[in-house]
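First residue of the sequence shown? That's 1 in the UniProt record's numbering, and the numbers climb one at a time after it.
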Amino acid sequence: MEVVAGEVDSEEKKKVMVAIDETEDSYYALMWVLDNLHESLLTRPLLIFMTEPPPNYNVLASTLSSARLYSNVSPIQYFVNNIKEKEKKVVLGLLEKAKSICTSRGMRAETVAEVGDPKVAICNAVDKHNISLLVLAGQSNGRIKGYGLLHNLN
Numbered sequence: 001m002e003v004v005a006g007e008v009d010s011e012e013k014k015k016v017m018v019a020i021d022e023t024e025d026s027y028y029a030l031m032w033v034l035d036n037l038h039e040s041l042l043t044r045p046l047l048i049f050m051t052e053p054p055p056n057y058n059v060l061a062s063t064l065s066s067a068r069l070y071s072n073v074s075p076i077q078y079f080v081n082n083i084k085e086k087e088k089k090v091v092l093g094l095l096e097k098a099k100s101i102c103t104s105r106g107m108r109a110e111t112v113a114e115v116g117d118p119k120v121a122i123c124n125a126v127d128k129h130n131i132s133l134l135v136l137a138g139q140s141n142g143r144i145k146g147y148g149l150l151h152n153l154n
């Protein structure tokens with residue numbers, strides 16, 4: 001089989017992104033990428049993407065409804081900041097773990113985290129980073145499940 005120069009160039013330009021969340025299925029998706037796309041990832045780093053969901057203010061307001069009525073200082077902002085901080089630590093920890101898995105297999109990886117709805121954030125990241133191949137977990141029950149369900153409806 002003859003190799004055409006244009007095919008090599010297009011192969012080198014392919015960018016792969018795997019979107020992960022906190023589920024085991026995301027781990028399997030990452031491992032699948034590392035096992036099956038090893039050669040195409042030699043020229044470019046793998047982009048590992050994760051979303052950090054915005055806090056749900058309605059849940060906090062409903063659980064603290066009576067406290068809000070009788071307290072002159074609202075604890076909601078304190079709880080929101082706490083939740084944001086913990087979510088950020090979880091996201092950064094998972095991204096660091098995924099990056100270390102890639103490093104242990106001799107692959108270069110870049111990590112990106114964004115706050116927002118996974119459906120929108122993943123689409124924006126694909127456009128922003130000119131991704132050629134997006135890998136999502138198939139049976140995920142985590143944050144990115146909603147994206148897969150909505151994408152299949154469209």
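Positions of the beta carbon are idealized from the N, C-alpha and C atoms, including for glycine.
Go through its chain and collect everything with a Cβ distance to residue i's Cβ below 6 angstroms, but skip five positions before and after it.
i, result
"Arg108", "Pro45"
"Ile131", "Lys15, Met17"
Can you find a CB in chain C that lies within less than 8 angstroms of the CB of residue i?
i, result
"Ser100", "Within the model displayed, chain C is absent; a lone protein chain is all it includes."
Is the beta carbon of residue i sitting closer than 8 angstroms to the one on residue j?
i, j, result
"Met31", "Val91", "no"
"Ile122", "Ala19", "yes"
"Lys99", "Ile48", "yes"
With burial defined as no fewer than 16 other Cβ atoms inside 10 Å of the residue's Cβ, what is the status of residue i: buried or exposed?
i, result
"Pro54", "exposed"
"Val135", "buried"
"Leu34", "buried"
"Ser104", "exposed"
"Asn82", "exposed"
What does DSSP give as the partner residues of residue i in its beta bridges?
i, result
"Met17", "Leu47, Leu134"
"Thr111", "Ile48"
With a threshold of 7 angstroms on Cβ separation, who are the neighbours of residue i within its own chain once the five nearest residues in sequence on each side are excluded?
i, result
"Lys88", "Glu52"
"Leu41", "Val16, Met107"
"Leu37", "Val16"
Which residues in the same chain have their Cβ closer than 8 angstroms to the Cβ of residue i, if we skip the five residues on either side of it in sequence?
i, result
"Glu96", "Thr111"
"Val126", "Met17, Leu134"
"His129", "Lys15, Met17, Leu47, Val112"
DSSP on residue i, reduced to helix/strand/coil?
i, result
"Pro54", "coil"
"Glu22", "coil"
"Gly106", "coil"
"Leu34", "helix"
"Asp127", "helix"
"Leu42", "coil"
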